[in-house]
Amino acid sequence: MRLSILFIALFGMLSAYSQSEPIKTADGFEVKILTSAVCEMCKYTIEKDLAFEKGVKSSDLDVDSKILTVVYSKRTDADKLRKRISEIGYHADEVNRVKKAYDALPTCCQDGAHGSDMPHKPQ
Amino acid sequence: MKKLIFIIGLFYFSPNLYSQTVVRGIIVDVNDEPLLGATILELNTQNGAVTDTNGRFQFTLQNINSSIVASYTGFLSDTLEARSNTHLTITLKEDSKALEGVVVSGSATFMDNLEPKHVEIITSSELSKAACCNLSESFETNASVDISYTDAVSGAKSIQMLGLDGRYVQINRENIPVIRGLTQRYGLGYIPGTWLQSIDVGKGSGSVVNGYESMTGQLNIEFIKPETGGNLLVNGYANSFGRTELNTNITFDLKNKWSSAVLFHANLFANEIDNNNDGFMDIPKGRQLNFLNRYKYNGERIKSQIGIHLMHDDKAGGQLGFDFDDNFKTSTQYGFSNSTTRLELFGKTGVLFPEKPYQGIGFIYSGSYTDINAGFGRNAYQGTEKTFYLNAIYQNIIGNTYHQYKTGVSFLLDDFDETYIDSTFQRQEIVPGLFYEYSYLPSTKFTLVAGLRADFHNIYGTFFTPRIHMKYEVAKNTFLRLAAGKGRRVGNPLVENTNVLVSNRKFNVLEDLKPEQSWNIGGSLNSELQLSGKKVNFIGDYFYTNFQNQLIYDMDQDANQLIIYNLDGQSFAHSLQLEAKVQLNEAFGIKGAYKYYNVKTTINNQLMPVPYISRDRFFLNASYASNYDKWEADATLQWYGSKRLPNTQNNPEKFQLSTKTPDFVLVNAQISRGFRWGNIYLGSENLLNFKQANPIIDAENPFGNNFDASFVWAPVAGRVVYAGLKYKIQK
Chain E
1 MRLSILFIAL FGMLSAYSQS EPIKTADGFE VKILTSAVCE MCKYTIEKDL
51 AFEKGVKSSD LDVDSKILTV VYSKRTDADK LRKRISEIGY HADEVNRVKK
101 AYDALPTCCQ DGAHGSDMPH KPQ
Chain G
1001 MKKLIFIIGL FYFSPNLYSQ TVVRGIIVDV NDEPLLGATI LELNTQNGAV
1051 TDTNGRFQFT LQNINSSIVA SYTGFLSDTL EARSNTHLTI TLKEDSKALE
1101 GVVVSGSATF MDNLEPKHVE IITSSELSKA ACCNLSESFE TNASVDISYT
1151 DAVSGAKSIQ MLGLDGRYVQ INRENIPVIR GLTQRYGLGY IPGTWLQSID
1201 VGKGSGSVVN GYESMTGQLN IEFIKPETGG NLLVNGYANS FGRTELNTNI
1251 TFDLKNKWSS AVLFHANLFA NEIDNNNDGF MDIPKGRQLN FLNRYKYNGE
1301 RIKSQIGIHL MHDDKAGGQL GFDFDDNFKT STQYGFSNST TRLELFGKTG
1351 VLFPEKPYQG IGFIYSGSYT DINAGFGRNA YQGTEKTFYL NAIYQNIIGN
1401 TYHQYKTGVS FLLDDFDETY IDSTFQRQEI VPGLFYEYSY LPSTKFTLVA
1451 GLRADFHNIY GTFFTPRIHM KYEVAKNTFL RLAAGKGRRV GNPLVENTNV
1501 LVSNRKFNVL EDLKPEQSWN IGGSLNSELQ LSGKKVNFIG DYFYTNFQNQ
1551 LIYDMDQDAN QLIIYNLDGQ SFAHSLQLEA KVQLNEAFGI KGAYKYYNVK
1601 TTINNQLMPV PYISRDRFFL NASYASNYDK WEADATLQWY GSKRLPNTQN
1651 NPEKFQLSTK TPDFVLVNAQ ISRGFRWGNI YLGSENLLNF KQANPIIDAE
1701 NPFGNNFDAS FVWAPVAGRV VYAGLKYKIQ K
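If you read the sequences in order, they're chains E and G. Counted from 1, the first sequence has number 54 at position 54 by my numbering; the numbering is strictly sequential. So the number in my numbering is just where the residue sits in the second sequence, counting from 1, plus 1000.
Below is the structure:
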């Protein structure tokens, strides 16, 4: 029951959200990607993984808004980044997460782990 | 009323003086394993603490009745009501996926500020900065432990603390004494670096709970734990001399709360290196197989573990051409060989009282068998040691958690059987002991620990060992510690002088040797500050060791003899260390230290500086780590002041050495690149290629009267470059 509410909410959010285009910055490109991350653990998992992704200079996930900001060079592009995030186990804009990776995530990073209406906030 | 009893010296602290709320407790994971470096904060403030190796924390709340938040990277945070004067156990739900790599750069080494003793913790992220090879390399980036070189043939390194030989340091593996007795000299090489999870470096005398042996300090090493279940690490290493290593660590969960760890290490070095062209190998050839398997049970009330450790190590050195299986007695070359086999069974059992977290009963036991077959030129050494060790500890509180105690009994059986040339030395020590240690913790600012133990030695009579430790937070994050304690140990003159066996000196024991005995007093001031946004840490410590008895290994009287006798006169060590660490930003850190050692002993009725000890030393370390340790770089520079050499006046003139060594600099550096699957590393020891010239006296005539390879005060082999790879799979 609660899960279906979450899905409806998530779906609503996704349809209301339009994928943002990369912007050119002084040291490369910057893109904001909406993810399905729910907690500090997710933030750690995503940022650590992207630190080892080719072309990525930095990444920062805002847990409250679920928006991941990635700064990268021309050695990669926004679609490759979204694909990688899906392989970690998270939705990335309209790219759906890879189920096998999602299932392997720690329980605290899975749907409903922090209640449907209260995202887990870092202390 | 009971509190009135505890008027100790000038300090009188009644809990009533502290109307603030003191929160004290332990943070554990779901397996009840303590979490090191977890954060506990008063809700909506920056007021709080970080847990120590045992997961313990304590701090004072700013507002009574606040909530507190416990957090740890990779774990779910927990918010709870603070209750004072109780012992909180906070369990954080872990995600094993995140266990690896969560140590944030900058906290690689830190002072344990809860501990009343002066204890520095070296974490696995610090240990990975010196990827080679075993415990003797693990202290390269640490200023408190010095590494010394023993002789020009065996290649062994040993440690020094407070300016004194490593035999006065008690080395424990998870509270079981190891690297003592017959493995005193080569034992550091029997502990592979990749097996280590953390090392606690304690200065000054240790807790009475662990025995009477720690005279200048204690090292407690922690191995990879079974309960990190489902992890695999494979490490391959090779260096420019041709040494290769393979390490695998496997941990896995079994049924019914059991888990297991299998640690394996093999190394092989079969090349002959003679960079100084004296016809002798600069470091011996070596090969080793090392295996440890342990099983752990994590129950509600019972925690238990049992393990086995098997090790076999061969060394072959001396003149070029001498090989592993050659017979040193008949070889035309001067050969050095050492073959050591060690078997140990060990375990621990703890009984917990979940409703009373301060109460517990623990049993620690270990039985080991060590067999050494060695040859030095024509001289054979054989030794076996059988050891059984048991320590039973009960801990509880008196009334409330302001007063805590540990008490128990211990038992040591140590059976030695040694043969050198044609002399036999046998000794069986049977030592039952009792101990009681009281801790007074009236506030987060002050801790006093007073302990006493009595040991009933079958040969040397009763030992009383009093020890006292005090910690006081004089200002926020500034800690003053004072310590005093007695220590004793029974020496093993043959193995402690294996460096001298590589010479033609005659061993001459003048009298019945008594246990070594000393008082150690000292203290430290440690301050952690924020200076213009940078984390700065100052540590100053001073320790004084005064021997009532010491075994004098006299190489000064006669260049053809090693004369051994009990101390007759003064023997002391003053040690001062000033250290500063600055974390410039998240990536860059720098630390520097100056060390002063004034170490003198009475040799042949004359008070003189102990040989091979530099009076002054400098230490400088710089480290860099990018986000998530993708790139890491580390460099350490150590400057050693001049050291005194033993007297060689009665050698023929061409074999006389100067009385002092020059000063010298050693630099080690390493870079590593992380990947999702692990990392690769490239490094160098002794980057500036400093070598001691002519380390062997009369190397042309190894069977002649003047041959002596024991005058070693610096590296013999020169620069080594290494590279390696670590592959990790996490559950």
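We treat Cβ as the ideally placed atom computed from N, Cα and C, and that holds for glycine.
Between the CA atoms of residue j and residue i - distance to the nearest angstrom
i: residue 1171 of chain G; j: residue 1675 of chain G; result: 34 Å
i: residue 1314 of chain G; j: residue 1265 of chain G; result: 14 Å
i: residue 1441 of chain G; j: residue 1713 of chain G; result: 45 Å
i: residue 1326 of chain G; j: residue 1307 of chain G; result: 35 Å
i: residue 1691 of chain G; j: residue 1270 of chain G; result: 22 Å
i: residue 1101 of chain G; j: residue 1078 of chain G; result: Unreliable positioning characterises residue 1101 of chain G in this predicted model, as indicated by a pLDDT of 30, which lies under 50. The coordinate reading is nonetheless provided below. Taking the straight line joining both Cα atoms gives about 22 Å.
i: residue 1312 of chain G; j: residue 1532 of chain G; result: 53 Å
i: residue 1444 of chain G; j: residue 1022 of chain G; result: 7 Å
i: residue 1677 of chain G; j: residue 39 of chain E; result: 24 Å
i: residue 1425 of chain G; j: residue 1371 of chain G; result: 15 Å
i: residue 1618 of chain G; j: residue 1464 of chain G; result: 37 Å
i: residue 56 of chain E; j: residue 1632 of chain G; result: 17 Å
i: residue 1515 of chain G; j: residue 1317 of chain G; result: 33 Å
i: residue 1447 of chain G; j: residue 1471 of chain G; result: 5 Å
Whether residue i touches residue j by CB criterion (8 Å)
i: residue 1203 of chain G; j: residue 1670 of chain G; result: no
i: residue 1189 of chain G; j: residue 1124 of chain G; result: no
i: residue 1061 of chain G; j: residue 1042 of chain G; result: yes
i: residue 1557 of chain G; j: residue 1571 of chain G; result: no
i: residue 1336 of chain G; j: residue 1201 of chain G; result: no
i: residue 1277 of chain G; j: residue 1191 of chain G; result: no
i: residue 1367 of chain G; j: residue 1349 of chain G; result: no
i: residue 1710 of chain G; j: residue 1151 of chain G; result: yes
i: residue 1070 of chain G; j: residue 1027 of chain G; result: yes
i: residue 1282 of chain G; j: residue 1716 of chain G; result: yes
i: residue 1208 of chain G; j: residue 1024 of chain G; result: no
i: residue 1684 of chain G; j: residue 1668 of chain G; result: yes
Identity of the residue in the options nearest residue i by Cα
i: residue 1680 of chain G; options: G/1162, G/1237, G/1458; result: G/1237
i: residue 1120 of chain G; options: G/1110, G/1114, G/1126; result: G/1110
i: residue 1698 of chain G; options: G/1334, G/1304, G/1199, G/1044; result: G/1334
i: residue 1490 of chain G; options: G/1201, G/1214, G/1617; result: G/1214
i: residue 1512 of chain G; options: G/1420, G/1528, G/1534, G/1565; result: G/1565
i: residue 102 of chain E; options: E/75, E/22, E/86, E/77; result: E/86
i: residue 1474 of chain G; options: G/1485, G/1695, G/1526; result: G/1526
i: residue 31 of chain E; options: E/63, E/104, E/59, E/106; result: E/59
i: residue 1486 of chain G; options: G/1637, G/1299, G/1216; result: G/1216
i: residue 950 of chain G; options: G/1603, G/1272, G/1296; result: No answer is possible for residue 950 of chain G: the residues shown for chain G start at 1001 and end at 1731.
Where residue i sits in the DSSP three-state scheme
i: residue 1297 of chain G; result: strand
i: residue 111 of chain E; result: coil
i: residue 1103 of chain G; result: Unreliable positioning characterises residue 1103 of chain G in this predicted model, as indicated by a pLDDT of 32, which lies under 50. A coordinate reading is not provided.
i: residue 1391 of chain G; result: strand
i: residue 1168 of chain G; result: helix
i: residue 86 of chain E; result: helix
i: residue 1736 of chain G; result: As shown, chain G starts at 1001 and ends at 1731. That puts residue 1736 of chain G outside it, with no answer to give.
i: residue 44 of chain E; result: helix
i: residue 1655 of chain G; result: helix
i: residue 1149 of chain G; result: strand
i: residue 1315 of chain G; result: strand
i: residue 1725 of chain G; result: strand
i: residue 1244 of chain G; result: strand
Presumed contact (8 Å Cβ cut-off) between residue i and residue j, rounded CB distance
i: residue 1625 of chain G; j: residue 1635 of chain G; result: So it is not a contact: roughly 13 Å between Cβ atoms.
i: residue 1114 of chain G; j: residue 1058 of chain G; result: 6 Å
i: residue 1651 of chain G; j: residue 1706 of chain G; result: 6 Å
i: residue 1494 of chain G; j: residue 1418 of chain G; result: 6 Å
i: residue 1268 of chain G; j: residue 1244 of chain G; result: 5 Å
i: residue 1206 of chain G; j: residue 1410 of chain G; result: No, residue 1206 of chain G and residue 1410 of chain G are not in contact; Cβ-Cβ is about 14 Å, not under 8 Å.
i: residue 1405 of chain G; j: residue 1438 of chain G; result: 5 Å
i: residue 1612 of chain G; j: residue 1643 of chain G; result: 5 Å
i: residue 82 of chain E; j: residue 95 of chain E; result: 4 Å
i: residue 1595 of chain G; j: residue 1580 of chain G; result: Rounded, the Cβ-Cβ distance is 13 Å, inconsistent with contact.
i: residue 1629 of chain G; j: residue 1602 of chain G; result: Not really, about 51 Å apart at Cβ, beyond 8 Å.
Residue i CB to nearest heavy atom of the ligand SAM below 7 Å
i: residue 1308 of chain G; result: The ligand SAM is not part of the structure shown, which contains no ligands of any sort.
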